[in-house]
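When we follow the working numbering, the leftmost residue of the sequence shown carries the number 2, and every step to the right adds one.
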Amino acid sequence: MDSKSSVGVIGLGHIGGSIALSIRDHSEVLAFDPNEATMDSAKRHGIDTVARPEELLGKCGTILFAPPNPALSEAVSNLLATRLKSGQETPLLVVDVASTKIETINSIAGVVAGHRGVTHLSLHPMAGREGSGFDSSDPEVLFRSRWAEIPTAFRAEPGASLDLFEIFSLSMDFEMIPLSAAVHDKAVAVVSHLPHVLAEALGVALSGLSVASVARRLAAGSFGSATRVANGTPERIAELCWANRNTLATELDSFIEILARASGSLKASSPEKFLTFVRQGSAAIAELQGLVESRTESVICRANSFWATIDPIRDSGKFFSDFKLSGDSVSFVTRIR
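Following this line, the structure appears as structure tokens:
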């Protein structure tokens, strides 16, 4: 097995399992999960596994970590400690796919520091669905998914990262959007984490309703759509939101102010204020749903200048796809919506 083209995956939950299933046709994949039942299920689905995470060292030049957020830093630390003791200095790209970046990047930087040849790529796939664990994994959830890429203190030379981007392009037609950690965490607080809080709040509201038994029988499409993301494991939902708690709390406070506006408009003597509120929200959703590609541009650059090419437009909303490596060059498509 060629370690340069082999990808290790540690953590075979919903996202880690979906990634392993997605890329296995375009890369050698070796995986590990501390749960034996998960490992057995992965094997039944044709994923090659190892008994211990340290077995990935020397076999995989890239190791993608997808454990629960609270376990991420320790998982990286334990593997690198084993690598250090063994005297290995083969280049290793550590990839995290955590949903919150400021805290994650700072934490992993403290772990990676002092380990020769270890670099760090931070990604966040904006994909998934309700459910958790390997049995909820599905490569289809990643098809044409958008992945945020965040710069780290130990960012690799572009080569290893571009190898992975090419694998992702071939396996899932992924799109990469370069963001700073602060912009990423603020954005996902509203479009990812806040919806989880709102879904749970609707559940709490229903349970406290004086006519809850009737309401449960009347709950249909609207309620189901609004609470879909609450169908996951409570512990995983709490971990997801807690990691971004400070930014999420700020955005939740802002949302409460919006709800207060809605409440005030409903108490007005005529429906005009409430209609204005509804029109504002509907226009924002229509704008989101109506996003189309306004321009595409093919780019070819030297592979070693890739970061220098995209860093000036970080946080611009541009995203990249169709990565192809050829010699010392890389081609990709820039898209603007």
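Glycine residues also receive a C-beta, built at the ideal position from the N, C-alpha and C atoms.
* Could you please give the first and the last residue of the uninterrupted beta strand (DSSP E) stretch that includes residue 287? => Not the beta strand (DSSP E): residue 287 falls in the alpha helix (DSSP H), residues 273-290.
* To do: Just grab the DSSP bridge partners of residue 126 for me.
  => The secondary-structure analysis by DSSP pairs residue 126 across a beta bridge with 148.
* Asked: Roughly how many angstroms separate the alpha carbons of residue 161 and residue 115, rounded to a whole number?
  -> C-alpha separation (whole angstroms): 20 angstroms.
* Residues near residue 24 by beta carbon distance below 8 angstroms, same chain, minus five either side -> Taking residue 24 as the centre and dropping the five residues before and after it, the same chain places the C-beta of 8, 30, 168, 169, 172, 173 closer than 8 angstroms to its C-beta, in chain order.
* **Sub-8 angstroms separation of residue 110 and residue 155 beta-carbons** => Yes; because the gap between Cβ atoms is below 8 angstroms, this pair is in contact.
* When we look at the beta-carbon of residue 198 and count the other beta-carbons within 10 Å, is it buried (16 or more) or exposed? -> Burial is judged here by how many other beta carbons sit within 10 angstroms of a residue's own beta carbon; residue 198 has at least 16 and is buried.
* **Those residues which DSSP pairs with residue 97 across a bridge** => DSSP output for residue 97 lists 66, 123 as bridge partner(s).
* Could you tell me if residue 148 is buried or exposed, where buried requires 16 or more neighbouring beta carbons within 10 angstroms of its beta carbon? => With a threshold of 16 other beta carbon atoms within 10 Å, residue 148 meets it and is buried.
* Do you know how far the Cα of residue 299 is from the Cα of residue 11? -> So the two alpha carbons sit approximately 34 angstroms from each other.
* **Beta-bridge partners of residue 299, as assigned by DSSP** => Residue 299 is bridged to 334.
* Asked: Just checking, does the region 53-68 make contact with the region 83-94 on the three C-beta pairs under 8 angstroms criterion?
  -> Judged by Cβ distances under 8 angstroms, the region 53-68 makes contact with the region 83-94, as three or more pairs qualify.
* Cα-Cα, which of 34, 46, 55 is closest to residue 1? -> The question about residue 1 has no answer here: the residues shown for the chain are numbered 2 through 338.
* Can you have a look at residue 289 and say buried or exposed, based on whether 16 or more other CB atoms are within 10 angstroms of its CB? => Taking every protein chain shown into account, the CB of residue 289 has fewer than 16 other CB atoms within 10 angstroms, so this residue is exposed.
* **DSSP-derived helix/strand/coil call for residue 174** => Coil, per DSSP.
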